[in-house]
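S.K.: Just dropping this structure here.
There are 4 protein chains.
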Amino acid sequence: MSGNGLTYAMIGGGTGSFIGAVHRMAIALDGSARLVAGAFSSTPERSKESAAALGVDAERSYADVAELVERESARDDAVDFVVIVTPNHVHYEAAKACLEAGFHVVCDKPFTVTSAQARELRELAESKKRLCAVTYNYSGYPMVREAAELVRSGAIGAVRKCFVEYHQGWLSTDLAATGQKQASWRADPAKAGLGGALGDIGTHAEQLLRFVTGLEIESVCADTTSFVPGRVLDDDASVLMRLSGSAKATLTASQICVGEANGFSIRVYGETGGLVWRQETPEQLVRTALDGSKRILSRGIEPLSSRANTASRLPSGHPEGFIEAFANIYRGVVEHIHAERSGSAPGGMAMQLPLAQDGERGVRFVEACVESAKNGAVWVEI
Amino acid sequence: MSGNGLTYAMIGGGTGSFIGAVHRMAIALDGSARLVAGAFSSTPERSKESAAALGVDAERSYADVAELVERESARDDAVDFVVIVTPNHVHYEAAKACLEAGFHVVCDKPFTVTSAQARELRELAESKKRLCAVTYNYSGYPMVREAAELVRSGAIGAVRKCFVEYHQGWLSTDLAATGQKQASWRADPAKAGLGGALGDIGTHAEQLLRFVTGLEIESVCADTTSFVPGRVLDDDASVLMRLSGSAKATLTASQICVGEANGFSIRVYGETGGLVWRQETPEQLVRTALDGSKRILSRGIEPLSSRANTASRLPSGHPEGFIEAFANIYRGVVEHIHAERSGSAPGGMAMQLPLAQDGERGVRFVEACVESAKNGAVWVEI
Amino acid sequence: MSGNGLTYAMIGGGTGSFIGAVHRMAIALDGSARLVAGAFSSTPERSKESAAALGVDAERSYADVAELVERESARDDAVDFVVIVTPNHVHYEAAKACLEAGFHVVCDKPFTVTSAQARELRELAESKKRLCAVTYNYSGYPMVREAAELVRSGAIGAVRKCFVEYHQGWLSTDLAATGQKQASWRADPAKAGLGGALGDIGTHAEQLLRFVTGLEIESVCADTTSFVPGRVLDDDASVLMRLSGSAKATLTASQICVGEANGFSIRVYGETGGLVWRQETPEQLVRTALDGSKRILSRGIEPLSSRANTASRLPSGHPEGFIEAFANIYRGVVEHIHAERSGSAPGGMAMQLPLAQDGERGVRFVEACVESAKNGAVWVEI
Amino acid sequence: MSGNGLTYAMIGGGTGSFIGAVHRMAIALDGSARLVAGAFSSTPERSKESAAALGVDAERSYADVAELVERESARDDAVDFVVIVTPNHVHYEAAKACLEAGFHVVCDKPFTVTSAQARELRELAESKKRLCAVTYNYSGYPMVREAAELVRSGAIGAVRKCFVEYHQGWLSTDLAATGQKQASWRADPAKAGLGGALGDIGTHAEQLLRFVTGLEIESVCADTTSFVPGRVLDDDASVLMRLSGSAKATLTASQICVGEANGFSIRVYGETGGLVWRQETPEQLVRTALDGSKRILSRGIEPLSSRANTASRLPSGHPEGFIEAFANIYRGVVEHIHAERSGSAPGGMAMQLPLAQDGERGVRFVEACVESAKNGAVWVEI
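Residue numbers (this note's numbering), protein chains in the order written: chain A, 369 to 750; chain B, 369 to 750; chain C, 369 to 750; chain D, 369 to 750.
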């Protein structure tokens, strides 16, 4: 729509996929790129059906990753980047193939099943000088970016204590046993990786904490549980954390909080102020101060930083949401690719992109928590 | 993106336009149609610039409405519909020309400057059997549609009293005097019409009331004010209203409520229950009952009607907002056009489209309020 | 408890009275005075029973107002003030008798049935130099007092437009027909006066508006309804108002808003700022500004005025409520009486007491609204 | 006021005491008892001054606990119970002396400095058959009691995971160094005991968790910090907990959450539902269900249990708060004493009283957390 001319292919995200449709809407919202190719499903037939439904030419509807990489590489009008939205266990192979062939990659989270895979992909992207972004989409919210900017600017002083939580209720019963698609693969360690709630939503929480505070998680002490009978992976995790800079944090991720939809929030308290953001009311950021005052900062209302303002599309009071935040990730992707091609320095949106190194930290976080919990909640370094 | 193949032209909405960009994002979100033509500005030169920026071919970038209508009509691949997002006073001529040439029209609100113009357009659309939709976008929110459905289903009994308010603060000072574009034309009766706040936001409130309750406004008793020195049109209006079915309502529309962003809400109380919806938290609908209980209904959480569910894109807890609601209007446009072409009955989204008759009611509402206020707040029938 | 030694008598407020118990708790909270006498019911027998239950000596349990006045006047240890908490129609006779005998009076609202009675009581109190306070208790909330102070200090500039509303749902059905005591006398014009919702809650709204803004209501244009079949008095009123200083306001009072408990709020917008207070979250006051910012001011959190701070008992975050606000009215009564006796100037709590003149304005407000509505919503001066 | 005739003495709570005044208001609100004696300060002189200010006869103003116990015991009209509101380290000696002399005791929390002391007091109260209540006042809120009742009734199924947090910001700086009275003794291990935030507010959180869920905390894994330089005791604690019945919980107590006033909340998720209560909006309890629905239960709105209704004084929408909740503890004390004297079974309010055994659990909780943290966050049984 904006005539920037970029095109992309998608791996996964066929009919019935929730997250694939979200990625496509996020890209379409700003006209960031056009979907022109894909390997949408694990079976060639369903992949073709999805391609047709999505308006992708049959000739660019591929049976699998290998075919996509081979044939797109051979085209003059090859796609500019590839979006990977398969179940977790496929990410590694798909991203590896794309990067090796020289494609920029945007990969869903959690990045990979093992941190060794993640490290390999990070190094591969670095050596190939290709973008390898990981869609930690919550960091695209304007008020999250405002929070990050306020911390950097010293508005709350040195960070002392953070609380980050991601509470859902949709796995309170054995949904996987009913065959529900989203629940089923997440319940299977072979597809989801080591973490259940830890991997699916805990990694979002972990990344948001790092994104907002700029601190690294140095060690964790985790207690995890599989509350629902028959479930193999954790559906609930509570983690004590020590951060760089002598800060501390607690992180709780749970999918058995009955009735909670997407209760994701972060609270950061520093020496002189605090910041509270809740995903279900994403347009506000509460800023607290030593004098006890609470100010509600709102998207679109001055004074906000340029980081927040450039991530915003509408005037204040006209609610933006999940898709707009997600779209900001893709704005960064587009900015990165254009900057790379024009040889200019990447702009602010590109600089805020979560990358392979963030994906690697996320997988390492899950591994450390699982190790800690297995040993009865001991401290494990990340 | 969805391959449905529709195309559209835009009149107005060039560089610097707020609402034009919103329409385009709303259409792009679902891939409802592709922008391929336009007359984007009042000067041909700026129109061309906007066309280029928007990726529209130069040959379909037109100098004015007349040229657009003439040359698009002559094409085999003429656009399927025209979106009109100019200042108010241009709506009538533009819509008339498009309808006469046989184009489907989607027009911003308030529909026209006079109700006579609106009636003429309504009759023209009827005789030409063309769609003439008016973008009362707030009726696209899923929870607004749920509210409408609950009223229809008898969930709150016969409606007794409604409170609808639309409070903003952005015109608390003489913004037009600073040359701010949005404020300037709204301050000019020749461009905005008879109503200031009444026309700009009061008509949204009036339409939402009718959409949710299904009742007509029979008469109004209005007190209007221009609080800011030098302003000609009202910046504040308070209206007592009598509705069909012996119901009553108050409507307040104000643009001098300092600090309010987009405080639009509706509260409907019937014999056995009540419904409260606020645009700044659009994902929730509060339902009250005779026993004093309050239930929070949330988008995506059962039990909701199919009207709400089909207007929803994401799982609960992943906030949708203004653009998604706006996009639902365009889903209705697309459904309508496809149904018309296939000769099938239009689906639910099309049936909920605000049309010329709604636009006409809105203009008539403004006229009646202005007449009432001019005579010191007397009752005027609509 | 505080050893200040004041005593009081109560007229009305026997068993089954809601408001009598509230007055007693409000007085007891601070040990403002001790209840030592009373004529608690319309029958001597039930009055005695109430006296016994309340720990009042039998010899100071009186059959009626006349006896109370006569015998208390004759005592050396006569009560310091009399609290009148009967149904509305008894207020006038009771207050008149007490004032004539030289007692300070605290009377519930609405003050009297006619404004002529109210004027007479006001003049009587003035000539006798006795206190005649009216328990507009909502003006006792600390954050209401902060709002009043902020307006006085110029924090929001000249007031332009106010919205005050008091919405309840408890009379959505014909509760009086069931014999429910509170509903029954309120439904009877002989006991309640001219106003239904107008008198019962509309007067609270009217007084709060005057208390916060310092402006007078100059004229009203009212539409009232008795929605519930068989009800004589209004159960719903919508009022357009013109205030001194060229400000305007809307006031809505309704008791058929199904499911609303005590939805009392005030919003005041001036030239440079706004203030929003809601009774159901009384500890907060939202302050808005031209730059769109919203600050939450909280009881106990600096910077607040001394008017708010002296009306507060607990640290911030330890919720205070309805009884504490009510008790602040009685703190004013005690301050007034002590100042009068010591010949000193009354302190700040006494200076904020709603008095007979406020009660008179309230009754006049009801009369004017009823007259306006009877004539089809015409403007009536107060 | 209610003529029940009980009297009490107070130890501590003189001029400048916050909590002493709260206890007195809570008792006065319902006229639960009359304050007639006391040893209000650590110096006889200031004790006398406080007594005079509080209206206590000079002859019942005692120099210290020993004198109070000796001389009150000798009176025919000895007080019915003694309220202990001193700094923590005095609780044990004062309570012991009172219990040994046969007085009923109401003691502030945390109960004692060591769990050995607490156990001794519990056994002493049992052997003397005297009441020894501990004022965990938050368990007096009606909606907390409703939550407890709902858990007992099976409304949310077996409890799985709880989150309880108590976050304040008032100790974000070294307030004790400024000499602020409340901060100073809390900072001194000799007066406060082993716990800082743990003892002061962590024990409230621990008791609320037990009160609502009916579960016991079996073991803890705690990380504590003294963020403010120079502070000896913890000002922040994060605790993983294992509860009876295979449930788990996290508890965080912090006094360095800048800008938070009294952010105390509990969230309990069971197999089929959840409950969320926040102290700063104490009138509501949110109930969640497997279908994703959220219902707001409000004090005074049916259907509530009798436990909630008997703890309520006002109609819904008339906010009750901290003092009313505190007063419910004293209603239980009065009920207990009356039942004991009449030989009848204690009523519902008495049965919900937190007792010495609860105080003992609280001190043991602090000890276990301190031990866990000292050893680097290991599991410690309580």
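Each residue gets a CB set at the ideal place from its N, CA and C atoms; glycine is no exception.
Identify which residue in C:PRO683, C:ALA396, C:GLY700 and C:GLY642 has its Cα closest to the Cα of TRP538 (chain D).
M.R.: Looking at the Cα atoms, C:PRO683 is the closest of the given residues.
S.K.: Out of C:GLY631, C:SER507, C:LEU601 and C:ILE750, point me to the one whose CA is closest to GLU586 (chain C)'s CA.
M.R.: The option with the nearest alpha carbon to GLU586 (chain C) is C:ILE750.
S.K.: Using a cut-off of 7 Å between C-beta atoms, extract the partners of ALA629 (chain A) located in chain D.
M.R.: Here the neighbours are GLY660.
S.K.: What do you reckon, are the CB atoms on ASP603 (chain C) and ALA558 (chain C) nearer than 8 Å?
M.R.: Cβ distance not < 8 Å, so ASP603 (chain C) and ALA558 (chain C) don't count as in contact.
S.K.: By the DSSP assignment, the beta strand (DSSP E) with ALA377 (chain C) in it spans what residues?
M.R.: Here the beta strand (DSSP E) through ALA377 (chain C) covers 375-380.
S.K.: Using CA coordinates, which residue listed in D:GLY522, D:PHE479, D:LEU608 and D:VAL474 is at the minimum distance from ILE379 (chain D)?
M.R.: Comparing Cα positions, the closest option is D:VAL474.
S.K.: Which bits of chain D does SER606 (chain A) rub up against, with CB to CB less than 8 Å?
M.R.: Residues of chain D passing the Cβ test: LEU608, LYS616 and THR618.
S.K.: Give the C-beta separation of ALA573 (chain C) and PHE479 (chain C) to the nearest angstrom, bearing in mind that I take them to be a contact with Cβ-Cβ under 8 Å.
M.R.: That belief does not hold up - the Cβ atoms of ALA573 (chain C) and PHE479 (chain C) are roughly 15 Å apart, past 8 Å.
S.K.: ARG528 (chain D) touches chain A at which residues, Cβ-Cβ below 7 Å?
M.R.: Those within 7 Å of ARG528 (chain D) in chain A are PHE595 and ILE624.
S.K.: Rounded to whole angstroms, what is the Cα-Cα separation between ARG675 (chain D) and ALA515 (chain C)?
M.R.: Going from the Cα of ARG675 (chain D) to the Cα of ALA515 (chain C) covers about 37 Å.
S.K.: For LEU341 (chain B), collect the residues of the same chain with a Cβ closer than 8 Å to its Cβ; drop the 5 residues on either side in sequence, then sort them by chain order.
M.R.: The structure shown does not extend to residue 341 (chain B), since chain B is modelled only from 369 through 750, so no value can be given for it.
S.K.: Flag this pair as yes or no: are the beta carbons of THR383 (chain A) and ALA431 (chain A) separated by less than 8 Å?
M.R.: No, these two residues do not count as a Cβ contact at 8 Å.
S.K.: Considering only residues of the same chain and omitting the five flanking positions on each side of PHE595 (chain C), which have a CB-CB separation below 7 Å?
M.R.: Excluding residues within five positions, the ones whose Cβ falls inside 7 Å are ASP603, ASP604 and ILE624.
S.K.: Could you spell out where the alpha helix (DSSP H) holding SER622 (chain B) opens and where it closes?
M.R.: First-last for SER622 (chain B): 616-622, but that is the beta strand (DSSP E), not the alpha helix (DSSP H).
S.K.: ARG732 (chain A) CB to nearest chain D CB: under 8 Å?
M.R.: Chain D contact via Cβ: absent.
S.K.: Which residue from B:ALA713, B:PRO671 and B:PRO597 puts its Cα closest to that of THR541 (chain B)?
M.R.: Ranking the options by Cα distance to THR541 (chain B), first place goes to B:PRO597.
S.K.: Could you tell me whether the segment 604-623 of chain C touches the segment 657-671 of chain C, using the rule of 3 or more Cβ pairs below 8 Å?
M.R.: No, they do not touch.
S.K.: Within 8 Å (strictly less), CB to CB, does SER370 (chain A) reach chain C?
M.R.: Any reading at SER370 (chain A) must be qualified, since the residue scores a pLDDT of 42, below 50, and its modelled position is unreliable; no value is offered.
S.K.: What does the alpha-carbon distance come out to for the pair LEU653 (chain D) and PHE690 (chain D)?
M.R.: LEU653 (chain D) and PHE690 (chain D): Cα-Cα distance of roughly 16 Å.
S.K.: Beta-carbon separation of GLY423 (chain B) and ALA377 (chain B) under 8 Å?
M.R.: Not a contact, by the Cβ cut-off of 8 Å.
S.K.: DSSP has THR656 (chain A) in a bridge; who is on the other side?
M.R.: Answer by DSSP bridge pairing, in chain order: A:GLY642 and A:LYS662.
S.K.: Pick out whichever of C:SER666, C:SER415 and C:GLU628 has its Cα sitting closest to the Cα of LEU436 (chain C).
M.R.: Out of C:SER666, C:SER415 and C:GLU628, C:SER415 has the C-alpha closest to the C-alpha of LEU436 (chain C).
S.K.: Is MET511 (chain D) close to the ligand SAH? I mean its beta-carbon at under 7 Å from any heavy atom of the ligand.
M.R.: Absence of the ligand SAH from the depicted structure is noted, as is the absence of any ligand whatsoever, leaving it without description.
S.K.: Considering just the uninterrupted stretch of the alpha helix (DSSP H) at TRP553 (chain D), what are its terminal residues?
M.R.: From DSSP, the alpha helix (DSSP H) with TRP553 (chain D) extends over 549-554.
S.K.: Could you tell me how far apart the beta carbons of VAL527 (chain C) and VAL636 (chain C) are, in whole angstroms, since I believe they sit closer than 8 Å?
M.R.: Indeed, because the Cβ distance is near 6 Å, the residues count as touching under 8 Å.
S.K.: Could you pull the start and end residues of the beta strand (DSSP E) that TYR534 (chain D) belongs to?
M.R.: Start and end: 527-535.
S.K.: If you drop the 5 nearest sequence neighbours on each side, which residues of the same chain put their C-beta closer than 6 Å to that of ALA493 (chain C)?
M.R.: Answer for ALA493 (chain C): LEU467, CYS500 and ALA724, listed in chain order.
S.K.: Within the same chain, show all residues whose beta-carbon is closer than 6 Å to that of ARG487 (chain C), passing over the 5 residues directly before and after it, in chain order.
M.R.: Excluding sequence neighbours, ARG487 (chain C) sits near GLU728.
S.K.: Comparing C-alpha positions only, which one of C:ILE669, C:SER521, C:GLY627 and C:MET717 sits nearest to GLY685 (chain D)?
M.R.: The candidate whose alpha carbon is nearest that of GLY685 (chain D) is C:GLY627.
S.K.: With a cut-off of 8 Å, does the C-beta of SER684 (chain B) fall near any C-beta of chain D?
M.R.: Yes - at least one Cβ of chain D is within 8 Å of the one on SER684 (chain B).
S.K.: Spell out whether any CB of chain D is found under 8 Å from the CB atom of GLU670 (chain B).
M.R.: Answer yes: the Cβ-Cβ gap between GLU670 (chain B) and chain D drops below 8 Å somewhere.
S.K.: Can you name the residues of chain D whose CB is closer than 7 Å to the CB of MET378 (chain C)?
M.R.: The contacting residues do not exist; MET378 (chain C) stays about 12 Å from chain D at best.
S.K.: What residues in the segment 418-450 of chain D have a beta carbon less than 9 Å from any beta carbon of chain C?
M.R.: Hits within the stretch, in order: ALA420, ALA421, LEU422, GLY423 and VAL424.
S.K.: Can you check whether the CB of ALA745 (chain C) is closer than 8 Å to the CB of CYS589 (chain B)?
M.R.: Cβ atoms of CYS589 (chain B) and ALA745 (chain C): closer than 8 Å.
S.K.: Applying a beta-carbon distance threshold of less than 8 Å, which residues of chain D neighbour GLY642 (chain A)?
M.R.: Within chain D, the residues near GLY642 (chain A) are GLY537, CYS625, VAL626, GLY627 and GLU628.
S.K.: Exposed or buried, which one is MET719 (chain A) when buried takes at least 16 other CB atoms within 10 Å?
M.R.: Exposed, because fewer than 16 other Cβ atoms sit within 10 Å of the Cβ of MET719 (chain A).
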